[in-house]
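What follows is a short report on a single structure.
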Amino acid sequence: MTAPNADDTAKSAPAPARDFIRQIIDEDNRTGKWAGRVHTRFPPEPNGYLHIGHAKSICLNFGLAKEFGGQCNLRFDDTNPAKEEVEYVDAIKDDVRWLGFSWDDRLYYASDYFGKLYAFAEQLIEKGLAYVDDLTQEEIRAYRGTLTEPGTNSPYRDRSPQENLDLFRRMRAGEFPDGAKVLRLAIDMQSPNVVLRDPIIYRIKHVEHHRTGDAWCIYPMYDYTHCISDALEGITHSICSLEFENNRPLYDWVLNNLPVPGHPQQIEFARLNLSYTVLSKRKLIQLVSEKVVSGWDDPRLPTLSGIRRRGYTPEAMRDFCERIGVSKADSQVDVALLEHCLREDLNRRARRLMAVLRPLRLVIENYPEGQVEDIRFPYHPEDESMGARQVPFSRELYVERDDFMETPAKKWFRLAPGAEVRLRHAYYVTCTDVIKDPATGEVVELRCTHDPATRGGWSDDGRKVKGTIHWVSAAHAVPAEVRLYDRLFTKENPMEGKGDFMDCLNPDSLEIIENALIEPALTTIAVGENVQFERLGYFCVDRDSTPDKRVFNRSVALKDSWARAGR
Numbered sequence: 179m180t181a182p183n184a185d186d187t188a189k190s191a192p193a194p195a196r197d198f199i200r201q202i203i204d205e206d207n208r209t210g211k212w213a214g215r216v217h218t219r220f221p222p223e224p225n226g227y228l229h230i231g232h233a234k235s236i237c238l239n240f241g242l243a244k245e246f247g248g249q250c251n252l253r254f255d256d257t258n259p260a261k262e263e264v265e266y267v268d269a270i271k272d273d274v275r276w277l278g279f280s281w282d283d284r285l286y287y288a289s290d291y292f293g294k295l296y297a298f299a300e301q302l303i304e305k306g307l308a309y310v311d312d313l314t315q316e317e318i319r320a321y322r323g324t325l326t327e328p329g330t331n332s333p334y335r336d337r338s339p340q341e342n343l344d345l346f347r348r349m350r351a352g353e354f355p356d357g358a359k360v361l362r363l364a365i366d367m368q369s370p371n372v373v374l375r376d377p378i379i380y381r382i383k384h385v386e387h388h389r390t391g392d393a394w395c396i397y398p399m400y401d402y403t404h405c406i407s408d409a410l411e412g413i414t415h416s417i418c419s420l421e422f423e424n425n426r427p428l429y430d431w432v433l434n435n436l437p438v439p440g441h442p443q444q445i446e447f448a449r450l451n452l453s454y455t456v457l458s459k460r461k462l463i464q465l466v467s468e469k470v471v472s473g474w475d476d477p478r479l480p481t482l483s484g485i486r487r488r489g490y491t492p493e494a495m496r497d498f499c500e501r502i503g504v505s506k507a508d509s510q511v512d513v514a515l516l517e518h519c520l521r522e523d524l525n526r527r528a529r530r531l532m533a534v535l536r537p538l539r540l541v542i543e544n545y546p547e548g549q550v551e552d553i554r555f556p557y558h559p560e561d562e563s564m565g566a567r568q569v570p571f572s573r574e575l576y577v578e579r580d581d582f583m584e585t586p587a588k589k590w591f592r593l594a595p596g597a598e599v600r601l602r603h604a605y606y607v608t609c610t611d612v613i614k615d616p617a618t619g620e621v622v623e624l625r626c627t628h629d630p631a632t633r634g635g636w637s638d639d640g641r642k643v644k645g646t647i648h649w650v651s652a653a654h655a656v657p658a659e660v661r662l663y664d665r666l667f668t669k670e671n672p673m674e675g676k677g678d679f680m681d682c683l684n685p686d687s688l689e690i691i692e693n694a695l696i697e698p699a700l701t702t703i704a705v706g707e708n709v710q711f712e713r714l715g716y717f718c719v720d721r722d723s724t725p726d727k728r729v730f731n732r733s734v735a736l737k738d739s740w741a742r743a744g745r
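Residue numbers (the working numbering): 179 to 745.
Here's what the structure looks like:
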């Protein structure tokens, strides 16, 4: 019997399991529920910057539309003008584009529907399904009951439709101050689902809206607005995170009681929880407002603008979102997986160059003074198409201080007195002397000799040198600032326990090295471009760079130092 070849094995292997959302869509398409249509939407509120959790939703909604030949809308649920800004709208658009998705001509705002939403509210009032309530917010909470005790009807619940309609129109006209009245649905104050206990659908806010100005002084609530917006846009599958599962009966109730053109299906999935990270918008706002970080695009934040500035690529983010998949069960994803996705992507695309973060002078005593030679360095050891550059080599170099140990530990293969190492693509050198500051005892210079026959970093005599270190020519090195970013929190779940999440901030989440030295080719790297500093990690050029000084952000280390340290 002949063994099956690889192609036959691939054909006979079972297809990977479909997640539950795709199974729902597959079944809908099989039964013709939506006539084969798949129309999703990504509906952010423009009251902050998007974070990695939103990336999961973006990739899911736009990805499903692409996979099933459908469409995905971008819709801003802008119903709370007190917290919304055009800055957030623009940032969200940039984030969606950066991830590689386009909404084409399908950009919508909930404020587009304010007129229709108001008209629908009047219809609910006329049908006796909504009423104006004069209770205060505290009283409404008290009347609502608890998870174990039913609510109590408001004393204003029995107003006639005519009276409610008059009061609602007067609310619209601006006769009442903020908080004086609200419009509530008349559903069931005895419902075991607290969400259905006469939820508020309109409140008074004398606040100017970023799109409608002062045209309105009453604004609809999210739960009322969202489902109607979905229906008006022809959405088929309204995909949201799991915290909206209890709100689904309200979503359906509103659509069942209004003459909307369709009834989308709400489907909930588990939101992303990431270790050593907070993804609460409120907590992120606190970090920014209290200046724990430098702003919404601080590279330590999980905002999409932050990780983009840090050097994350959209390809890595999409890969991460695909790997974690979607499910109905809440779980925590290890941030190491996100970092792994970035390493894999940058390993393929990032050019390799040399930088010395903590310079230590190295003088090759038997190398001719004044001589400079150019040594060819490929940009990528596995991709010749990236080309190569010439790196200047001279008698005086700088090497990494961490690559020298005066009293070497066991299995130390780098520089030490009497030890021979390889200078990357250059020569073998042997440390012959150590120069120290007489006042402090600090090592300030290494004296070495080189073997001229080892040019290129190889020896014909067969002797083996285990250690290879990077370097820059002292006369040609360019000063640079390097920012070493680490995880913002020391605790795997910063929200766990009764303590303040601020108590587990990582004091070492940012180290700024102001006097790093880089090879000349690194001065030509564009802002935002990714590179690998050989042996040190992946970095990108920060927007703070100037023509006189480049600034680099560490995107991710070459290895997971946290795992190795047992943290």
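Heads up, the beta-carbon is just placed ideally off N, CA and C, and yes, glycines get one too.
Proximity below 8 angstroms, CB of residue i to CB of residue j
{"i": "Leu482", "j": "Ala233", "result": "yes"}
{"i": "Tyr227", "j": "Tyr266", "result": "yes"}
{"i": "Phe679", "j": "Val504", "result": "no"}
{"i": "Ala299", "j": "Leu345", "result": "no"}
{"i": "Phe240", "j": "Phe220", "result": "yes"}
{"i": "Tyr576", "j": "Trp649", "result": "yes"}
{"i": "Leu452", "j": "Pro480", "result": "yes"}
{"i": "Ala694", "j": "Ala533", "result": "yes"}
{"i": "Val621", "j": "Val612", "result": "yes"}
{"i": "Gln315", "j": "Arg530", "result": "no"}
{"i": "Cys250", "j": "Trp281", "result": "yes"}
{"i": "Leu520", "j": "Thr491", "result": "yes"}
{"i": "Arg501", "j": "Ala652", "result": "no"}
{"i": "Cys237", "j": "Leu285", "result": "no"}
{"i": "Pro442", "j": "Asp408", "result": "yes"}
{"i": "Ala655", "j": "Phe730", "result": "no"}
{"i": "Leu688", "j": "Tyr663", "result": "yes"}
{"i": "Gly412", "j": "Ile382", "result": "no"}
{"i": "Arg218", "j": "Leu242", "result": "In the sequence as displayed, the identity of residue 218 is Thr instead of Arg. Cβ distance < 8 angstroms, so Thr218 and Leu242 count as in contact."}
Anticipated Cβ contact below 8 angstroms, residue i with residue j, distance rounded
{"i": "His603", "j": "Gly635", "result": "5 angstroms"}
{"i": "Arg665", "j": "Tyr454", "result": "4 angstroms"}
{"i": "Pro542", "j": "Arg573", "result": "One detail in the question is off: residue 542 reads as Ile in this sequence, not Pro. Between Arg573 and Ile542 the Cβ distance is about 5 angstroms, and since that is below 8 angstroms, they are a contact."}
{"i": "Glu578", "j": "Ile647", "result": "7 angstroms"}
{"i": "Ala260", "j": "Val385", "result": "5 angstroms"}
{"i": "Arg728", "j": "Ile696", "result": "7 angstroms"}
{"i": "Pro556", "j": "Glu547", "result": "So it is not a contact: roughly 29 angstroms between Cβ atoms."}
{"i": "Arg215", "j": "Asp204", "result": "With a Cβ gap of about 14 angstroms, Arg215 and Asp204 do not count as contacting."}
Range of the contiguous beta strand (DSSP E) that encloses residue i
{"i": "Cys499", "result": "From DSSP, Cys499 is part of no beta strand (DSSP E) but of the alpha helix (DSSP H) over Pro492 to Ile502."}
{"i": "Gly715", "result": "Gly715 to Val719"}
{"i": "Val621", "result": "Val621 to Asp629"}
{"i": "Thr209", "result": "Per DSSP, Thr209 belongs to no beta strand (DSSP E); it is in the alpha helix (DSSP H), Phe198 to Thr209."}
{"i": "Asp552", "result": "Val550 to Pro556"}
{"i": "Asn731", "result": "Arg728 to Val734"}
{"i": "Ala694", "result": "Leu688 to Ile696"}
Endpoints, alpha helix (DSSP H) assigned at residue i
{"i": "Lys614", "result": "Segment Tyr606 to Lys614 is the beta strand (DSSP E) holding Lys614; no alpha helix (DSSP H) there."}
{"i": "Tyr400", "result": "Tyr400 to Leu410"}
{"i": "Tyr266", "result": "Val264 to Trp276"}
{"i": "Val513", "result": "Val513 to Arg527"}
Cβ neighbour criterion (16 or more within 10 Å) applied to residue i
{"i": "Thr187", "result": "Because the pLDDT at Thr187 is just 36, under 50, the model does not fix this residue reliably, and the point stays unresolved."}
{"i": "Asn525", "result": "exposed"}
{"i": "Ile690", "result": "exposed"}
{"i": "Thr618", "result": "exposed"}
{"i": "Gly247", "result": "exposed"}
{"i": "Asp476", "result": "buried"}
{"i": "Thr257", "result": "buried"}
{"i": "Asn425", "result": "buried"}
{"i": "Ala494", "result": "buried"}
{"i": "Pro439", "result": "exposed"}
{"i": "Ala269", "result": "buried"}
{"i": "Asp336", "result": "exposed"}
{"i": "Gln444", "result": "buried"}
{"i": "Lys359", "result": "buried"}
{"i": "Leu325", "result": "exposed"}
{"i": "Phe198", "result": "exposed"}
{"i": "Arg460", "result": "exposed"}
{"i": "Gly293", "result": "exposed"}
{"i": "Pro537", "result": "buried"}
{"i": "Glu245", "result": "exposed"}
{"i": "Asp185", "result": "Here Asp185 scores only 41 on pLDDT, less than 50, and its place in the model should not be relied on; the value that follows carries that caveat. So Asp185 ends up on the exposed side."}
> Can you list, in chain order, the stretches of the beta strand (DSSP E) that have 3 or more residues and sit fully within the region 415 to 485?
Replying inline: 415 to 419 and 443 to 447
> For the region 293 to 351, which segments carrying the alpha helix (DSSP H) assignment without a break, of at least 4 residues, lie completely within its bounds, in sequence order?
Replying inline: 315 to 322 and 339 to 351
>> Runs of 3 residues minimum, wholly inside the region 351 to 404: which ones carry the beta strand (DSSP E) assignment?
In response: 360 to 363, 378 to 382 and 396 to 398
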